[in-house]
Amino acid sequence: MLQLVVGQLLNGVIVGTLYAIIALGVTLTFGITGIVNFALGAFMMLGAYFTWYFSDGLGIPYPLAVVLATLAIALVGLVADQVLFRFTRNNLINGLIVSIGLISVIVAIVLMVWTTTPQNMHYVLPGVFRVGGVIVPKMKAVVFGVLLLVILFTYAALTRTWAGRAAYAYAQNPEAAALMGVRTKVLQAGVAAYSAALAGLGGGLYASLYSITPEIGAGYILKGVEAAILAGIGSVMGSFAGGIIIGVAEGVGSIFLPSAYNDAYGLVFLVLILLFKPAGLFAVSSR
Amino acid sequence: MKLLLLWVPLVLVPLVIHNNVVLTILIFTYLLGILAVSFNLIFGFTGQLSLFHAAAFGLSAYATYLAMAHWGVPFWLGMVVGVVFVSLVSLVIGTICFRFNLRELYFAIVTLAFSELFRLVILNWNSFTNGSLGINFTLTPTLWIPGRGVVPVQGTMMWYYLSLVAVVLAVGFYSRIVHSWMGRCFASIRLNDDLADTLGINVFRYKLIAFVAANAGAAVAGSLYSFYISYIDPHYFSIDQSLAIIAMALLGGSRYVAAPIVGALVLTALPHVINVNAEARLLIYGLILILTILVMPRGIVGVLVTGLRRPSRAPQTPERPRHAA
Amino acid sequence: MLLEIRNLTKRFGGLTAVSDLSFTLAEGDILGIFGPNGSGKTTLLNLISGVYQPTSGRLVWAGEDLIGRRPHEIAAGGIVKTFQNPQLFGELTVFENVAVAGHLRLKRRAGWRRVATLLPARHGSDDDLHERIERVLALCRLGSVRDQPAKSLSYGGEKMLGVAMALMCEPRVLLLDEPGSGLGQDEIRNLDEVLRDLRTHGTTLVVIDHRVGFLGRLADRAIVIHHGAKIAEGPPGDVLRERSVVDAYLGPGHA
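This is the structure in C-alpha cells:
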C-alpha cells in the first residue's frame with residue numbers, strides 16, 4: 000500500500016509540474032499584463048503536436064524538436080497577443096471570450112490536419128529508475144527536471160534581472176513604469192511570447208510521456224488556472240506549489256475515490272480558495 | 000411593441016412552407032433561442048458572464064425526464080420539476096458567488112467549476128443517468144387540445160407551434176423584466192455596480208434574481224429541447240454548449256432582448272447552408288466569437304438598428320410611459 | 000442630533016487615515032469639512048456612507064449604529080454620498096441616469112408591491128417618477144442635456160449629474176465630496192443656490208471642498224482635519240483664521 004501511495008505521489012508531482020508550467024504562463028500573463036488568455040492550453044496542445052510532428056514526422060532529434068516547437072509556439076503567442084489580446088487588455092470578459100474563440104479555432108485546425116486519433120511519439124528515453132521499490136520512468140524524471148529548471152530560471156529572471164523588476168513595476172503601475180523608461184509594448188509582447196513558450200514547452204515534454212489528442216489543452220488550462228488561483232496570481236514559485244498540490248491530490252485521491260472524479264479535486268480547491276482566500280495561498284500583492 | 004408584428008408571419012410559415020428541413024431549423028432556432036435569450040439576461044443586461052447556463056439546460060432536461068420516468072408525472076409537471084430544481088440550485092450557487100462578491104472573471108470561473116462538477120456527477124452516476132451513453136427517450140409530452148382531448152406532441156407541425164409559443168412567451172417575459180425598473184437595476188449593475196450600491200440598489204439581490212431568472216429560462220429550454228430530439232447525454236453540459244450559447248447571444252446582439260434568436264438562427268442554419276463538418280463548425284464558432292468581440296460588439300441586430308438610426312443609446316429604460324402595445 | 004461620530008479611526012495597514020475623530024451633526028446643518036490634501040476627508044465620508052468599515056469608533060445615525068451596514072442600506076436609511084471623481088452610468092443618457100437613481104424612491108413608495116409593476120398592465124407609477132426626474136433635472140440645470148449619453152457631458156455637467164442622482168435618493172443627509180472642484184464661476188454659483196435650497200427644504204449637508212471661500216460662505220459650522228485628526232471646530236470665519244489651521248494648509252510660519 001505504501002508503495003502505491005508513494006508511487007502515486009511521485010506521479011502526482013510530475014503531472015503537477017506540467018500543471019505548474021501552464022499555471023506559470025497564466026500567472027505571468029494575467030499578473031503582469033492583466034490579460035486573460037485561456038488559449039495557453041491550446042498552445043500546449045499545439046506544442047505537443049508540433050513536437051511530435053518534428054520528431055516523428057520530420058525525423059528531427061527529440062530535444063531539438065522540442066526547442067523548435069517551443070519557439071514556434073512563442074511566435075504563435077506573440078501574434079495572438081498583437082492581433083487579438085492587445086484589444087482586450089482592460090476587459091476581462093472580452094479577453095475570456097476571445098480566448099475561447101481562439102481555442103476553438105486552434106482545436107478545429109488541429110482536428111482538420113491530424114484528426115481526433117490519438118498520436119503517440121516514439122519512446123524517447125526508455126528505461127526506469129528504481130527508487131526504493133518504486134518505479135519511476137526515466138523520461139518522467141527528465142521532464143520533471145527540465146520543467147523545474149525552467150521554473151527556477153523564470154523565478155530568478157524575475158527577481159534578479161532588470162527586465163524582471165521592470166515587469167513587476169509594470170504590474171503595479173503601468174503608467175509609472177512607462178514614465179520610468181520601461182518599454183511597455185516590448186514588455187507586454189515579451190510576456191505574451193514567454194508564456195506561450197512555457198505552454199509549448201510543456202506540450203513538447205507532455206508528448207514524450209502520453210498520447211496526444213486535440214482535447215488535452217482544455218484539461219490543462221483549467222488545471223493551470225486552478226493552480227495559479229490557488230497559489231495567488233503573481234507568485235512564480237507559488238504556481239509551482241499550486242500545480243504540485245493539485246497533481247498530488249489527484250494522484251493520491253485516485254487511490255481512494257474513483258478516478259472518474261479526478262478533475263473534481265482541482266475544481267473544489269478552486270471554489271474554496273476563491274470564496275475564502277481569494278488572494279491565494281501564497282499571495283503576492285500586485286494586481 | 001411593433002415587434003409583435005414580426006411574430007405574425009412566423010405563425011403562417013408552416014402553412015406556406017412545407018419543407019421539413021426549414022421547419023426543423025426554425026424549431027431548433029426557437030428552442031435554442033429561449034436558451035440564448037435567457038442567457039442574455041444575466042450576460043448582456045446584467046453584465047455577468049455565467050458559465051453555468053449550459054448546466055442549467057442539461058440539469059433540467061435530466062430532471063424532467065427522470066421525474067417522468069420514476070414518478071410517472073406528465074411532461075408539463077416534469078418541466079416544472081426541472082425548472083424548480085434548477086432554480087433552487089441557481090439560488091444556492093448564486094448566493095455563494097455573490098455573497099462572496101465574485102466578480103467578472105472569477106464569477107465566470109466559479110460558475111464553470113460548478114458546471115463541470117455537475118457534469119462529472121451526471122457522467123459517472125451510471126445507475127441513475129446512464130452515464131456517457133445518455134438516455135433515449137421513450138416518453139413524449141402530451142397536450143390537451145380543446146375538441147381533440149389529450150394528444151401526444153409529435154411531428155414537425157406540432158413542435159413548430161409549441162416552440163413558437165414558448166419562445167414568444169419567453170421573449171415577452173424577459174422583455175417585461177428588462178424594460179421595467181428591475182431592468183434599470185440590472186443595467187446599473189452592469190455599468191457601475193459600486194455606484195448602484197451607493198444609490199440604494201441591493202446589488203446582491205438583483206444579481207441573484209437575474210441569475211436565477213436566466214437559469215430558469217435555460218431550464219425551460221432544456222426540457223423542451225431534450226424532448227424534441229428525444230435524447231440527452233452529458234454533452235448538454237459541455238464547454239462546447241456554453242460556447243455556442245455565448246456565440247448566439249453575441250452574434251445576435253447582447254443589448255436587445257430578442258436579438259439572440261437571430262444568433263441562434265444563424266448558428267442553426269449555417270451547417271445547412273454551408274456544408275460543414277464538426278471541425279469546420281468549431282472553427283466558425285471560434286471566428287464568430289473573436290470577430291463579434293473585436294469588430295461587431297453590438298451583434299447583427301445592433302448593426303441593423305444603429306445602421307438605420309443615428310447612433311444613440313441602446314434601449315435600456317423607457318423615456319416615456321409605455322402604453323399597452 | 001442626527002448623526003454622531005465618536006472616536007472614529009480607520010487604519011489601512013500601517014497608514015492611519017482617520018484618527019479618533021468625533022463630532023456631531025444636527026438636522027439642518029451645513030457642515031463644512033476643511034483640510035489639506037490627503038488629510039482624510041474623503042475617507043471620513045466613505046466611512047459614514049459604508050464604503051469602508053472603521054477600525055474602531057462609533058457611528059450613530061438617528062439612534063442606530065451604522066457600523067457593518069452595506070452602502071445600499073445606509074443610502075436607504077437616508078445618508079447619500081457623491082463622489083469626488085464623478086461616478087456615472089456612462090452609456091445611459093442623463094435622464095436614464097437619474098431614473099436609475101429613482102430606485103430608492105420607488106422602493107419607499109411602493110415597497111414590495113413594486114414587483115406588481117412588472118405585470119403587463121401597470122405603468123401608471125412611472126408618471127410620478129418622471130415628474131420627479133424632470134424637477135431634479137431642472138434644479139440641477141441639466142434639462143438641456145437630458146438625452147445625451149452621460150459620458151459626453153462636460154466635467155461640470157458630470158458633477159451636477161452626480162448631485163442630481165444623489166437628490167433623487169431623497170436624502171436626509173447629503174455628503175458632498177468636492178462638489179465644486181473643476182466648476183466654473185457660473186456653475187459654482189448655481190451649485191451654491193442648489194445647496195442652500197436643499198437646506199431650506201430640510202436636507203442636512205456635509206460638504207468637503209477645497210475652495211475655502213466658497214465653502215466658508217456656505218457652511219455654518221466647520222471642522223478642520225489634518226493627518227486624519229480634528230484640529231479645529233467652530234464657525235468657519237473663526238476656524239479658518241486659527242493659527243493651527245493656517246499652518247496645516249500653508250505650512251508653519253505663515254500666520
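Top line first, the protein sequences correspond to chains A, B and C.
First residue of the first sequence: 0, per numbering that gives the first Met the number 0; consecutive thereafter.
First residue of the second sequence: 0, per numbering that gives the first Met the number 0; consecutive thereafter.
First residue of the third sequence: 0, per numbering that gives the first Met the number 0; consecutive thereafter.
The C-beta atom is built at its ideal place from N, Cα and C for all residues, glycine as well.
Separation of residue j from residue i, as counted between CA atoms
i                : j                : result
Thr116 (chain C) : Ser179 (chain B) : 8 angstroms
Ala47 (chain A)  : Val106 (chain A) : 13 angstroms
Arg171 (chain C) : Arg5 (chain C)   : 20 angstroms
Pro35 (chain C)  : Asp208 (chain C) : 10 angstroms
Val133 (chain A) : Gly6 (chain A)   : 6 angstroms
Val164 (chain B) : Pro13 (chain B)  : 14 angstroms
Phe94 (chain C)  : Ala109 (chain C) : 21 angstroms
Arg309 (chain B) : Val302 (chain B) : Below a pLDDT of 50, predicted positions are generally treated as unreliable, and Arg309 (chain B), at 44, falls in that range; no measurement from the model is reported.
Leu5 (chain B)   : Leu208 (chain A) : 58 angstroms
Met179 (chain A) : Gly33 (chain A)  : 20 angstroms
Tyr61 (chain A)  : Glu103 (chain B) : 42 angstroms
Ile326 (chain B) : Tyr264 (chain A) : Because chain B here runs from 0 to 324, residue 326 (chain B) falls outside it and cannot be looked at.
Ala313 (chain B) : Glu90 (chain C)  : Caution applies to Ala313 (chain B), whose pLDDT of 39 falls short of 50 and renders its modelled position unreliable; the value that the coordinates give is listed next. Using only the alpha carbons, I get a separation of about 8 angstroms.
Gly181 (chain C) : Leu46 (chain C)  : 24 angstroms
Ala255 (chain C) : Val300 (chain B) : In the structure as shown, chain C begins at 0 and stops at 254. Residue 255 (chain C) is therefore absent and cannot be evaluated.
Ile272 (chain A) : Thr94 (chain B)  : 16 angstroms
Within 8 angstroms, strictly: CB atoms of residue i and residue j
i                : j                : result
Tyr154 (chain A) : Ile21 (chain A)  : no
Ile66 (chain C)  : Leu174 (chain C) : no
Lys80 (chain C)  : Ser48 (chain C)  : yes
Arg254 (chain B) : Ala98 (chain C)  : no
Leu83 (chain A)  : Val35 (chain A)  : no
Phe275 (chain A) : Ile245 (chain A) : no
Ala38 (chain A)  : Leu77 (chain A)  : no
Ile72 (chain A)  : Phe42 (chain A)  : yes
Gly39 (chain C)  : Gly227 (chain C) : yes
Tyr260 (chain A) : Asn129 (chain B) : no
Val245 (chain C) : Ala231 (chain C) : no
Leu54 (chain B)  : Phe113 (chain B) : Per the sequence shown, residue 54 (chain B) should be read as Ala rather than Leu. Against a cut-off of 8 angstroms, the Cβ pair of Phe113 (chain B) and Ala54 (chain B) comes out as a contact.
Val97 (chain A)  : Leu45 (chain A)  : no
Phe213 (chain C) : Asp191 (chain C) : yes
Asn39 (chain B)  : Ala248 (chain B) : yes
Tyr29 (chain B)  : Ser162 (chain B) : yes
Spatially closest choice to residue i from the options, by CA coordinates
i                : options                                   : result
Val130 (chain A) : A:Ser238, A:Asp262, A:Tyr260 and A:Asn10  : A:Asn10
Tyr227 (chain B) : B:Leu198, B:Asn274, B:Val152 and B:Gly199 : B:Val152
His121 (chain A) : A:Leu67, A:Thr183, A:Ala196 and A:Phe53   : A:Phe53
Gly40 (chain A)  : A:Phe255, A:Leu74 and A:Ile99             : A:Ile99
Met78 (chain B)  : B:Val91, B:Ala60, B:Ile92 and B:Leu87     : B:Ala60
Val82 (chain B)  : B:Ile108, B:Tyr105, B:Gly71 and B:His52   : B:His52
Ala150 (chain A) : A:Leu124, A:Met236, A:Leu186 and A:Ala188 : Note on identity: in this sequence residue 150 (chain A) is Ile, with Ala being the wrong assignment. Of the candidates A:Leu124, A:Met236, A:Leu186 and A:Ala188, the one whose C-alpha sits nearest the C-alpha of Ile150 (chain A) is A:Met236.
Leu138 (chain B) : B:Gly71, B:Leu249, B:Ala169 and B:Ala263  : B:Gly71
Val112 (chain A) : B:Thr305, B:Glu278, B:Ile287 and B:Ile289 : B:Glu278
Leu23 (chain A)  : A:Thr183, A:Leu200 and A:Ile211           : A:Leu200
Boundaries (first-last residue) of the beta strand (DSSP E) holding residue i
i                : result
Arg10 (chain C)  : Leu2 to Phe11
Arg129 (chain A) : Val127 to Val130
Trp180 (chain B) : Unbroken run through Trp180 (chain B) is the alpha helix (DSSP H), Trp180 to Thr197; no beta strand (DSSP E).
Val79 (chain C)  : Ile78 to Lys80
Local conformation of residue i per DSSP, three classes
i                : result
Lys276 (chain A) : coil
Gln86 (chain C)  : coil
Pro151 (chain B) : strand
Ile134 (chain A) : strand
Ser153 (chain C) : coil
His271 (chain B) : helix
Asp208 (chain C) : coil
Ala257 (chain B) : coil
Gly233 (chain C) : strand
Arg240 (chain C) : coil
Opening and closing residue of the alpha helix (DSSP H) in which residue i lies
i                : result
Phe22 (chain C)  : First-last for Phe22 (chain C): Leu14 to Leu24, but that is the beta strand (DSSP E), not the alpha helix (DSSP H).
Ala364 (chain B) : In the structure as shown, chain B starts at 0 and stops at 324, and residue 364 (chain B) therefore has no counterpart that could be examined.
Val25 (chain A)  : Leu1 to Leu27
Phe203 (chain B) : Val202 to Ile228
Closer than 7 angstroms: residue i CB and nearest the ligand FAD heavy atom
i               : result
Ala98 (chain C) : You won't find the ligand FAD in this model; it holds no ligand whatsoever.
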